Structures are given as C-alpha cells and as structure tokens.
C-alpha cells in the first residue's frame, strides 16, 4: 500500500482555511466546586480548519471532554475567547452548527430508530415530508437502512451508536462533535465503526471533533491530534497528521503511523511527568 | 397451572384458618344459649351451630359468600339492597376522586420539577397532608362543602378520595419527570430545544413508567377514600354506607358482604389499570 507524502492534501481544503471553524485563544475554565476552584482548562489555544478531523487525546481529567463541551456551548469558559464559525458558541448552536454524539447512544427507548433520528428534526421544525426524507438518507449513510421501525433494544450496541450518529447528522450540522463515541464498544466493532466514520467524513466533508483515549484510534482517524494533560487541563502538543485522507485499516502498520503514535505517546508521558 | 398452585394452597390455608376462627368466636354464643337452657353440648354438637347463626361474631366463609352472591345477583341491580347498585355508586366516586387526584398529582409534580420554590414549599406540605388521618378530615370536608351549598355527596366524596390518591401520583411523577439524565438534557440543548419541547419530548414520556406504577396505588387509595367518604352518618348509598349500616344494626353479614364487594371492586380497578399500562407499554415499545 502506497502512502501519500506527509502534509500533502490536494483537495482544495487549504483555500477555505482562511476562516477557521473553531478558534480558541487563551481559553480558561474554572469550576467552582465544594472543594474550592478547579482549573479544568488553562490557556488553551486551538485552531480547527474546515473539514479537519481533530482528535482530543489525554488521560481522564485532562479537560478533553470539557473543551468539546465548551465548543458545543454546553460549558461556558471563564476566560479567553472562543469562536465557532466566527460566532460565539451559543450563536453557533442557535444556527444548528453542532451534531453531538455521546459515549452512550442515548436513544429514547420509547421511540423507534427512525423516531429517534426524527427527534431533532421535530424540535427544529422541519416539515413532515422533509423529516421522512432526511431520516431515510441518514439511515442509509450509517448503513442502518431497513432498521427504522425497530426499537433501540432490538439493536446491538454498535448499531445503536450508529443510530445516534445518524441522529447527529440528520439536520446538516457542519460540525460533528463526538465524545468517546465508541468507548463502550468492543475492539472489533470499534475498528469497523472507525472505518465508517472516516467514510462518512469523506462523503460529507464535515468538521469533526473527536474525544478519545485510544492512541491508535486518534492516529487512525485524525488530520490533527491534540494531546492534552491534566491538572490543570491544557494542550501539550498539536500534531498535524501527515497521513493521507484515504486510510485503509492496514495503514496502521505503516512507518508514519507508528511514528505519529510514538509522538502522541511521548506527549502524553511528558504531560504526566509534571505531577 | 403451576403458578396457580401456590396461590391456591395459601387461599385454602386462609379459608381453613377462617373457619377455625369462626368456630372459636361464635361458640361463645352457642355455649351461652346452652347454659341458659341447662344443657352442656359436646364440641361436635357446637360446631354445626357456629356455622349458620343469624348474627355471628365472625361469619364463616360460606355465609359471607352466599350473602355476597345474594347481594350481587339476587336482586335487580337498581334495588337499594343490591351490592351492584352500591358498588356502582362507590365506583363512580372512586373514578371522580381518581381523576381529580391524577390532575392534582401531575399538576403539582410539574410545578415542583419546574420551580425550585415549589419544591421547597409544596413538597413538605404534601407529605404532612398524608400524616393526617383521613377519617378525621372526611367529616370536615363534608360539612364545609355542605356549608358552601354543594348538594349531595358526590363532590366531597371525590375530594376525600383525591386527598389520598394524589400523593402517590405526585411522588412518582416528581421522580419520573426528573428521570432523564444530564446527557439526554445536554443533547436537547445542542438542538436548541425550548423548555416546552424538553418537557413534551423527553420528561413526560420518560415519566410514564413511574406514572403507571403510581396509578395502581392511586386507584386503590381513591377507593379507600371514597368508602371513608361514605361512612359519616347520613350516607345511604355506596359500599361504605352498607358497611356502616351493617355494624350499626348488628348485621355483620351485611358488613362482610360489602367488604368483599369492595375487595372485588378494588381487584377489577387494579386489573383495569394494569391493562391500560400494558397497552401504553406496547405503544411505547417496551420489551414484551
């Protein structure tokens, strides 16, 4: 298998990089807890371009989920600036910029798969016909065609998670935020879903933020790997992946892949030696 | 059949115990009669006489059963002696109290979940309300509603029944409406859902299992409340009035028949609620 030259991307993405999708400058977030203030994020600088696949990796407590939640306007930073598509995260949310996928599929047990995917569409006020069309389209996109009338408990964990991805895709958000979406699944299912996410990313051209604590997962998926460390949560390294966008599973045996994995591991270790 | 066997064994045991207790309690009267006549009967002579007394202390099962049957099927259902007639009066009161209790319980639960101040102010009073004995409050409600010019007993009975039945609905619904976890609420937030949408699409459906579980308790409580509402003097209709009548006129068979009629009514009501729950579950995709 021939691997493309590092850093080369011939798909015109560079042109649209002029306006970053996510831009954080000196971001700080301090939680006030019963045990006193906790610095969840410290001086975070980050730029995410359109169409990037960004992974956030680090041990628990490093603030990777918190950073993702800040981007989605689920948490509000206490210092610094954060813009999404040039707007505040709250404004971006009102413009339906985000699809969010949690570790648990979080499907409503009382709704069918199609009913679950329809939920955000109902809330956003799409008309009936449009809802049906979109549900059909995203079901196909995540390879769940024909499962629309099933209830969540009738599906395996991997299929449920695919349904929750379909739900996040249904309303054409251009940013897909995924918080350890495959953390609860076994490795074989995980590999398969990782491949599918890459395919999805290639087909839809979305910007993806992906939280994980698996080094191979981060390296396999990302164009940009953000390595974070805890106490206080901060970024220790940002790696622009030289891997091509087209990534078969066996790319994981290539020299580049191993080199990047090594650098990620070094970054994680450096963060840990601090405490 | 295998599931019915243990139930039947327990039932037979209870009936045997009941017969033994009847013999023991009713024998006193037989011995008294015999002593007055200067006789001393053997136990074997006493037992048959404990089984068919006019006014037994504890009527044996077959006497209660025959009186119950007579009350249910022995007369026109419009007759004032028909237990079907009195059962229907009680049923009507129960349904009114049940409905009122649901409205009250769900309404208060919604307010408590939505407003912190309601949680702090209403919830303690709801709990205190249940520590006051209903038999003490029932006559007061009757007097007050009479004073307000409300004719008949239907309204005060419904209020008394709802006083008992709103509480289980309230407690369950507060828990049910708070059942959705943070992740599900966050998800709705990322979609920009309004508070009303969060309630309709998530909180309300998530509370349904809690709601139906509470209905079974609430319907039984409404029945008890209705019967208590029929007890205070002056009531002429309903199973509660029959029970009081029996004890006032020294006719224990009337009381016992009414007691069992209300047990049958309670069974029917709980079965009906269970059926509604099953239908709702099927619609909501609960695993069969």
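Protein chains in written order, with my numbering: chain R, 206 to 480; chain S, 282 to 569.
Cβ coordinates follow ideal geometry from the N, Cα and C atoms, glycine included.
The structure displayed is predicted, hence computed values, not measured ones.
Quiz prompt | Secondary structure of residue 238/R, DSSP reduced to three states | solution = Within the first chain, numbered from 1, the residue matching residue 238/R stands at position 33. If DSSP states are grouped into helix, strand and coil, residue 238/R belongs with the strands.
Quiz item: Should residue 392/R and residue 416/R be called a contact, given that it needs their Cβ atoms to be closer than 8 Å?
Solution: Taking the first chain and counting its residues from 1, the one referred to as residue 392/R is at position 187. Taking the first chain and counting its residues from 1, the one referred to as residue 416/R is at position 211. Cβ atoms of residue 392/R and residue 416/R: not closer than 8 Å.
Quiz item: If you pair each beta-carbon of the region 482-491 of chain S with each one of the region 455-468 of chain S, do three or more pairs fall below 8 Å?
Solution: By the C-beta criterion, the region 482-491 of chain S is judged to be in contact with the region 455-468 of chain S, since at least 3 inter-stretch pairs fall below 8 Å.
Exercise. Note down, in chain order, all residues in the region 302-317 of chain R with a beta-carbon under 8 Å from any beta-carbon belonging to chain S.
Key: Sequence-ordered contacts of the region 302-317 of chain R with chain S read 303, 304, 305, 307, 309, 311, 313, 314, 315, 316, 317 [C-beta pairs closer than 8 Å].
Quiz item: Taking a cut of 8 Å between CB atoms, which residues from the region 318-340 of chain R lie near chain S?
Solution: So the list reads 324, 325, 327, 328, 329, given in the order they occur along the chain.
Quiz item: Considering only residues of the region 357-392 of chain R, which uninterrupted beta strand (DSSP E) runs meet the minimum length of 3 residues and lie entirely inside it, listed in chain order?
Solution: Contiguous beta strand (DSSP E) elements confined to the region 357-392 of chain R occur at 380-384, taking only those with 3 or more residues.
Quiz item: Leaving out five residues before and five after residue 516/S in sequence, what residues of the same chain have Cβ atoms less than 6 Å from its Cβ?
Solution: Working through the second chain from its first residue, we reach residue 516/S at position 235. Cβ neighbours of residue 516/S beyond the five flanking positions: 522.
Practice problem: Indicate whether at least one CB of chain S lies closer than 8 Å to the CB of residue 277/R. | Solution: For the purposes of this step, residue 277/R is taken as the residue at position 72 of the first chain. With respect to chain S, the C-beta atom of residue 277/R has a partner C-beta closer than 8 Å.
Quiz item: Quick one: does the C-beta of residue 385/S sit closer than 7 Å to a heavy atom of the ligand PLP?
Solution: Of the ligands one can find in the structure shown there are none, so the ligand PLP has no counterpart to examine.
Quiz item: DSSP state of residue 307/S, grouped into three classes?
Solution: By 1-based counting over the second chain, the position of residue 307/S is 26. DSSP places residue 307/S in helix when its eight states are reduced to three.
Self-check item: Outcome for residue 412/S when other beta-carbon atoms lying within 10 angstroms are tallied against a minimum of 16
Solution: Position 131 of the second chain, counting from 1, holds the residue named residue 412/S. Exposed.
Practice problem: Using a threshold of 8 Å, state whether the C-beta atoms of residue 380/S and residue 449/S are closer than that. | Solution: In the second chain, residue 380/S corresponds to position 99, counting from 1. In the second chain, residue 449/S corresponds to position 168, counting from 1. Contact flag unset, no.
Quiz prompt | Alpha-carbon spacing of residue 425/S relative to residue 378/S, whole angstroms | solution = Residue mapping note: residue 425/S aligns to position 144 of the second chain, counting from 1. Residue mapping note: residue 378/S aligns to position 97 of the second chain, counting from 1. C-alpha separation (whole angstroms): 17 Å.
Practice problem: Taking only beta carbons into account, state which residues of the region 465-476 of chain S come closer than 9 Å to chain R, listed in chain order. | Solution: Under the 9 Å Cβ criterion, the region 465-476 of chain S contributes 465, 467, 468, 469, 470, 471, 472, 473, 474, 475.
Quiz item: Taking 8 Å as the CB-CB cut-off, is residue 462/R touching chain S?
Solution: Here residue 462/R refers to the residue found at position 257 of the first chain. Chain S has no Cβ within less than 8 Å of the Cβ of residue 462/R.
Quiz item: Would the beta-carbon of residue 471/S fall within 8 Å of that of residue 305/R?
Solution: In the second chain, the residue the question calls residue 471/S occupies position 190. In the first chain, the residue the question calls residue 305/R occupies position 100. Their beta carbons are under 8 Å apart, which means residue 471/S touches residue 305/R by this criterion.
Self-check item: 8 Å Cβ cutoff met for residue 440/S and residue 415/S
Solution: The count along the second chain starts at 1 and reaches residue 440/S at position 159. The count along the second chain starts at 1 and reaches residue 415/S at position 134. Contact flag unset, no.
Quiz prompt | Alpha carbon of residue 463/R to alpha carbon of residue 332/R, nearest angstrom | solution = Numbered from its first residue, the first chain carries residue 463/R at position 258. Numbered from its first residue, the first chain carries residue 332/R at position 127. As the crow flies, the alpha-carbon of residue 463/R is around 49 Å from that of residue 332/R.
Quiz item: Under a CB-based cut-off of 8 Å, is residue 213/R close to chain S?
Solution: Counting from one through the first chain, the residue named residue 213/R turns up at place 8. Low confidence applies to residue 213/R: its pLDDT is 42, below 50, so where it sits in the model is not reliable, and the reading given next is rough at best. No, no contact with chain S.
Quiz item: When we look at the beta-carbon of residue 314/S and count the other beta-carbons within 10 Å, is it buried (16 or more) or exposed?
Solution: As a working mapping, residue 314/S is identified with position 33 in the second chain. Residue burial is scored here from C-beta neighbours: residue 314/S has fewer than 16 other C-beta atoms within 10 angstroms and is therefore classed as exposed.
Quiz prompt | Three-way DSSP call (helix, strand, coil) for residue 471/S in this model | solution = Your numbering for residue 471/S matches position 190 in the second chain. Residue 471/S sits in a helix when the DSSP states are folded into three classes.
Quiz item: Using a C-beta cutoff of 8 Å, does residue 299/R count as contacting chain S?
Solution: Numbered from 1 along the first chain, position 94 holds the residue referred to as residue 299/R. It does: the Cβ of residue 299/R has a partner Cβ on chain S nearer than 8 Å.
Self-check item: When 379/R, 467/R, 427/R, 283/R are compared against residue 237/R, the one with the closest alpha-carbon
Solution: What you label residue 237/R is simply residue 32 of the first chain in a count that begins at 1. Nearest of 379/R, 467/R, 427/R, 283/R to residue 237/R, Cα basis: 283/R.
Exercise. Answer with buried or exposed for residue 303/R, where buried requires no fewer than 16 other C-beta atoms within 10 angstroms of its C-beta.
Key: On the first chain, residue 303/R is found 98 positions in, with the first residue counted as 1. The residue in question, residue 303/R, is buried, as its Cβ has 16 or more Cβ neighbours within 10 Å.
Practice problem: For the beta strand (DSSP E) holding residue 433/R, just list the boundary residues, first then last. | Solution: Taking the first residue of the first chain as 1, we reach residue 433/R at position 228. From DSSP, the beta strand (DSSP E) with residue 433/R extends over 429-434.
Quiz prompt | Cutoff 8 Å: residue 236/R Cβ touching any chain S Cβ | solution = The sequence position of residue 236/R within the first chain is 31, counting from 1. It does not: the Cβ of residue 236/R has no partner Cβ on chain S nearer than 8 Å.
Practice problem: Please go through the region 329-357 of chain R and give each complete alpha helix (DSSP H) segment of 4 or more residues, from N-terminal end onward. | Solution: Listed in chain order, they are 333-346.
Self-check item: Strand pairing of residue 261/R, partner residues [DSSP]
Solution: Numbered from 1 along the first chain, position 56 holds the residue referred to as residue 261/R. Answer by DSSP bridge pairing, in chain order: 416/R, 431/R.
Quiz item: Skipping 5 residues on each side, what residues in its chain have a beta carbon closer than 8 Å to that of residue 285/R?
Solution: Numbered from its first residue, the first chain carries residue 285/R at position 80. Correct list, in chain order: 229, 230, 231, 232, 233, 248, 249.
Quiz item: Does the distance from the C-beta atom of residue 329/S to that of residue 419/S stay below 8 Å?
Solution: Numbered from its first residue, the second chain carries residue 329/S at position 48. Numbered from its first residue, the second chain carries residue 419/S at position 138. With respect to the 8 Å criterion, residue 329/S and residue 419/S are not classified as neighbours on the basis of their beta carbons.
Quiz item: Taking the beta strand (DSSP E) that residue 286/R falls in, what are its first and last residues?
Solution: To locate residue 286/R, count along the first chain from 1; it is residue 81. Start and end: 284-289.
Quiz item: Of all the options 291/S, 301/S, 430/S, 363/S, which has the alpha carbon lying nearest to the alpha carbon of residue 339/S?
Solution: Position 58 of the second chain, counted from the start, is the residue given in the question as residue 339/S. Nearest option by C-alpha distance: 301/S.
Quiz item: residue 356/R versus chain S: which residues are under 7 Å apart at the beta carbon?
Solution: The residue given as residue 356/R occupies position 151 in the first chain. Residues of chain S passing the Cβ test: 566.
Exercise. Give the DSSP bridge partners of residue 230/R, in chain order.
Key: Locating residue 230/R in the first chain gives position 25, where the first residue counts as 1. As computed with DSSP, residue 230/R is found in a beta bridge with 286/R.
Quiz item: How is the alpha helix (DSSP H) around residue 441/R delimited, first residue to last?
Solution: Here residue 441/R is taken as the residue at index 236 of the first chain, counted from 1. Annotation: residue 441/R is outside any alpha helix (DSSP H); the continuous beta strand (DSSP E) that includes it extends over 439-445.
Practice problem: Below 8 Å on the Cβ atoms is my guess for residue 254/R versus residue 225/R; work out the distance and round it to an integer in Å. | Solution: The residue given as residue 254/R occupies position 49 in the first chain. The residue given as residue 225/R occupies position 20 in the first chain. By a beta-carbon distance limit of 8 Å, residue 254/R contacts residue 225/R. Their separation comes to about 6 Å.
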